[in-house]
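In what follows, a structure is listed as structure tokens, so that the remarks can point back to it.
Protein chains: 2
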Amino acid sequence: MIRMTKLADYGIVLLTHMAMEAPGTLHTAQDLAGKSRVPVPTASKLLKSLARAGLVVSHRGRNGGYGLARDAEEISVADIIAAIEGPIGLTECGTGTEGACDMEPFCAAKGRWAPINQAVERALRDVRLSAMRPQAGPLVRLQAESGVVR
Amino acid sequence: MIRMTKLADYGIVLLTHMAMEAPGTLHTAQDLAGKSRVPVPTASKLLKSLARAGLVVSHRGRNGGYGLARDAEEISVADIIAAIEGPIGLTECGTGTEGACDMEPFCAAKGRWAPINQAVERALRDVRLSAMRPQAGPLVRLQAESGVVR
DNA sequence: GCGTAACGGGACCTAATCGGTCCTAATAGG
DNA sequence: CCTATTAGGACCGATTAGGTCCCGTTACGC
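Protein chains in written order, with our numbering: chain A, 1 to 150; chain B, 1001 to 1150.
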């Protein structure tokens, strides 16, 4: 039921990796791609989106890279998804795109979607990036946890 | 952020129409399609799915049709979406499909998705079909409400 | 300064799948 | 027995997710 694109998934994984290092640390797109096993160009594209949304800050030139724009506690999963997928709701209705649905005048559910969208968004806004990283610590443990459903 | 397929949307609208009539009333696929402005074959396909999921009961033959299997209060939006889109979570991870993700061993967010999926599902399970129908009553008012975001 | 390492912002492709159509049973009234 | 209806497929076109590539800009460091 209801799916998020894989891109958004990757984005969260990338940011999770960033959140595992000290705040302010810079990560190159290549570095993050390697750690997450995401193809480099894809990771690069995602990081650009995240930078445009203001979730990460970028530094160009040599020794450049990406870093978290704020504390991991201040970034929600909803923020990340919105940065990558755009402010699209569960349905296209009520997302500000007027006239997108040509059967609006006949829709029995008209005006009933907004509360649902908000409920879902609230659920996602309550999950912070800081809660996504493995609590026990760095990458080492990850290998030992194989077998657990991702 | 996060999208539902149009099919699921249509399904909800179809069921909403059913919920606007007295419980036990039978509706033909054509009838519902006409009211919802959904193409007939599509509505038919959706109703089949809903019947297979046990949300509606079907009667074949002349004077047949579809009816709600239980009270509108007992059908949640989550039920409907699951019936049409299948039990897919926000991500493919944690939906029982083992090994779907080949980078599972390296995933920094491993095991962290289940709570999020559950939060979203809970939000949708709290919305009942009975809450979707226009409270003021039958179709007549719908036309008057034009201009409201669907 | 100049070369190189990084990001910025596109265009572009192709594989999946969403949304929709259609056809042939099976079923049940009249 | 005829007709209205659902059951269950096969099938198809258009959209888009997911990924690749290229070229420009920025800035560190030799």
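No residue lacks a Cβ here, since even glycine has one placed at the ideal position from N, Cα and C.
So that I know if they touch, is there some Cβ in chain B lying closer than 7 Å to that of residue i?
i: V56/A; result: no
i: D9/A; result: yes
i: I12/A; result: yes
i: V40/A; result: no
i: K90/A; result: The displayed chain sequence assigns Leu, not Lys, to residue 90/A. Cβ-Cβ to chain B under 7 Å: yes for L90/A.
i: A108/A; result: yes
With distances taken from CA atoms, which of the options is nearest residue i?
i: V1013/B; options: K1035/B, A1022/B and C1093/B; result: K1035/B
i: D126/A; options: A78/A, A22/A and I88/A; result: A78/A
i: P134/A; options: Q1118/B, V1120/B and P1105/B; result: P1105/B
i: E1073/B; options: P1023/B, R1060/B and Q1118/B; result: P1023/B
Considering only DSSP beta bridges, list what residue i is partnered with.
i: S76/A; result: R128/A
i: V57/A; result: G67/A
i: H222/A; result: Nothing about residue 222/A can be read from this structure; chain A reaches only from 1 to 150.
i: R3/A; result: R1003/B
Are residue i and residue j closer than 7 Å when you measure CB to CB?
i: M1132/B; j: R112/A; result: yes
i: T1016/B; j: A108/A; result: yes
i: A8/A; j: A1123/B; result: no
i: A1043/B; j: V1056/B; result: no
i: G1065/B; j: L1129/B; result: no
i: I88/A; j: R1003/B; result: yes
i: V1040/B; j: A1033/B; result: yes
i: M1103/B; j: R37/A; result: yes
Using a C-beta cutoff of 7 Å, does residue i count as contacting chain A?
i: V1120/B; result: yes
i: A1043/B; result: no
i: R1052/B; result: no
i: T1028/B; result: no
Excluding the 5 residues preceding and the 5 following residue i in the sequence, name in chain order all residues of the same chain whose CB lies nearer than 8 Å to its CB.
i: S49/A; result: G11, A83 and I84
i: K6/A; result: none
Can you give me the Cβ contacts of residue i inside the same chain, cut-off strictly under 7 Å, excluding the 5 residues immediately before and after it?
i: Q143/A; result: Reliability of the predicted coordinates at Q143/A is poor, the pLDDT of 38 falling under 50, and no value is obtained from them.
i: I1116/B; result: L1090
i: E121/A; result: A78
i: L46/A; result: L7, Y10, G11, L14 and I84
i: D71/A; result: P23
i: V54/A; result: Contrary to the premise, residue 54/A reads as Gly rather than Val in this sequence. Only A69 meet the Cβ criterion.
i: Q30/A; result: V40
Excluding the 5 residues flanking residue i on each side, which residues of the same chain have their C-beta closer than 6 Å to its C-beta?
i: M20/A; result: R133
i: I81/A; result: A8
i: S58/A; result: A51 and Y66
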